[in-house]
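A.B. asks:
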Amino acid sequence: MMSDVSVSLNKTAGASDIAGGMASPGDFLALLKPRVMSLVIFTALVGLVRAPDHVHPVIAFTALLCIAVGAGAAGALNMWWDADIDAVMTRTTSAEKIEDIERQGGRCHFVDDSGQVYAEAAALAQRIGGVYVDQFTNAERVTDWRGNNNIAESIFQQMQGEPHSVPHWIVVGAGTGGTSATIGRYLRYRH
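Just so you know, our numbering puts 149 at position 147 of the sequence shown, and the rest follows in order with no gaps.
If you want it as structure tokens, here you go:
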């Protein structure tokens, strides 16, 4: 388990700030997150194949290409923005993950027990004048998942206008995991 603490909002780093002075094609590929990208493209392809109407191959290819470019650009921008972070993690975190964080410009802070991560992250943020970002604590209180102010309710409201408004199955693509949990919780509550 890892929490992030944002340290600086000054994003003026250039290629010369990277070890060795220049970014390599491998660095660019790492920013694109190939496993996430393949999942995004696969999910889009499944949507095109399962579409009720025939989709012309040129339109399908163009749609997949645009989805890939948009998702890749968003991923690269996200990785650039997140490069200046302090990550608090247990000492048992894999060396590969630690090296990845440090190679991207992040700093790792270690605790002995996973139960100490949140307290150390909050304390670190206070010590350095940073911002403690925690997407998990109290997440269930952020939105009332039973009401009409969440993504699951919006999805099902939009589907009411479709010819086949009740799906036989749901495919959830790449994300944080919160989307699939919200949809599952909503379905259990409503149906």
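Every residue, glycine too, gets a C-beta built ideally from N, C-alpha and C. Quantities reported herein were computed from a predicted structural model and do not represent experimental measurements.
(1) Within this structure, are the beta carbons of Tyr134 and Ala127 separated by less than 8 Å?
(2) Output yes or no for whether 8 Å exceeds the beta carbon distance between Val57 and Leu50.
(3) Taking 8 Å as the threshold, find out whether the region 34 to 48 comes into contact with the region 73 to 84 through three or more Cβ pairs.
(4) Note down the Cα distance separating Ile172 from Ile43, rounded to an integer number of angstroms.
(5) Roughly how many whole angstroms lie between the Cα atoms of Ala154 and Met24?
(6) If you measure between the beta carbons of Gln112 and Arg93, is that distance less than 8 Å?
(7) My assumption, with CB atoms under 8 Å, is that Cys110 sits in contact with Met91. Please give the rounded CB distance.
(8) Please return the same chain residues whose Cβ sits closer than 6 Å to the Cβ of Gly108, not counting the five positions on each side in sequence.
(9) Between Val174 and Pro27, what straight-line distance do the alpha-carbon atoms span, to the nearest angstrom?
(10) Return the first residue and the last residue of the alpha helix (DSSP H) that Arg109 is part of.
(11) Give me the residue from Ile103, Ala97, Thr64 with the minimum Cα distance to Trp83.
(12) Taking C-beta to C-beta, are Cys54 and Pro169 nearer than 8 Å?
(13) For Arg190 and Met161, what's the separation of their Cα atoms in angstroms?
(14) Roughly how many whole angstroms lie between the Cα atoms of Ala21 and Arg105?
C.D. replies: The answer reads as follows:
(1) Closer than 8 Å, so yes.
(2) Yes, the Cβ-Cβ distance between Val57 and Leu50 is below 8 Å.
(3) Yes, the region 34 to 48 touches the region 73 to 84.
(4) Answer to the nearest angstrom: the Cα atoms are 16 Å apart.
(5) Note on geometry: alpha-carbon atoms of Ala154 and Met24 lie some 44 Å from one another.
(6) Checking the sequence shown, residue 112 turns out to be Phe, not Gln. For Phe112 and Arg93, yes; Cβs fall inside 8 Å.
(7) Correct: roughly 6 Å between the Cβ atoms.
(8) Result list for Gly108: Ile87, Ala89, in chain order.
(9) If I take the Cα positions, the gap works out to 30 Å.
(10) DSSP places Arg109 outside any alpha helix (DSSP H); the residue lies instead in the beta strand (DSSP E), whose first and last residues are 109 to 113.
(11) Closest by alpha carbon: Ile103.
(12) Checking the displayed sequence, the identity of residue 54 turns out to be Pro instead of Cys. Against a cut-off of 8 Å, the Cβ pair of Pro169 and Pro54 comes out as no contact.
(13) C-alpha separation (whole angstroms): 18 Å.
(14) With a pLDDT of 48 at Ala21, under the threshold of 50, the predicted position of this residue should be treated as unreliable, though the coordinate-derived value follows. Near 8 Å, if we compare the C-alpha coordinates of Arg105 and Ala21.
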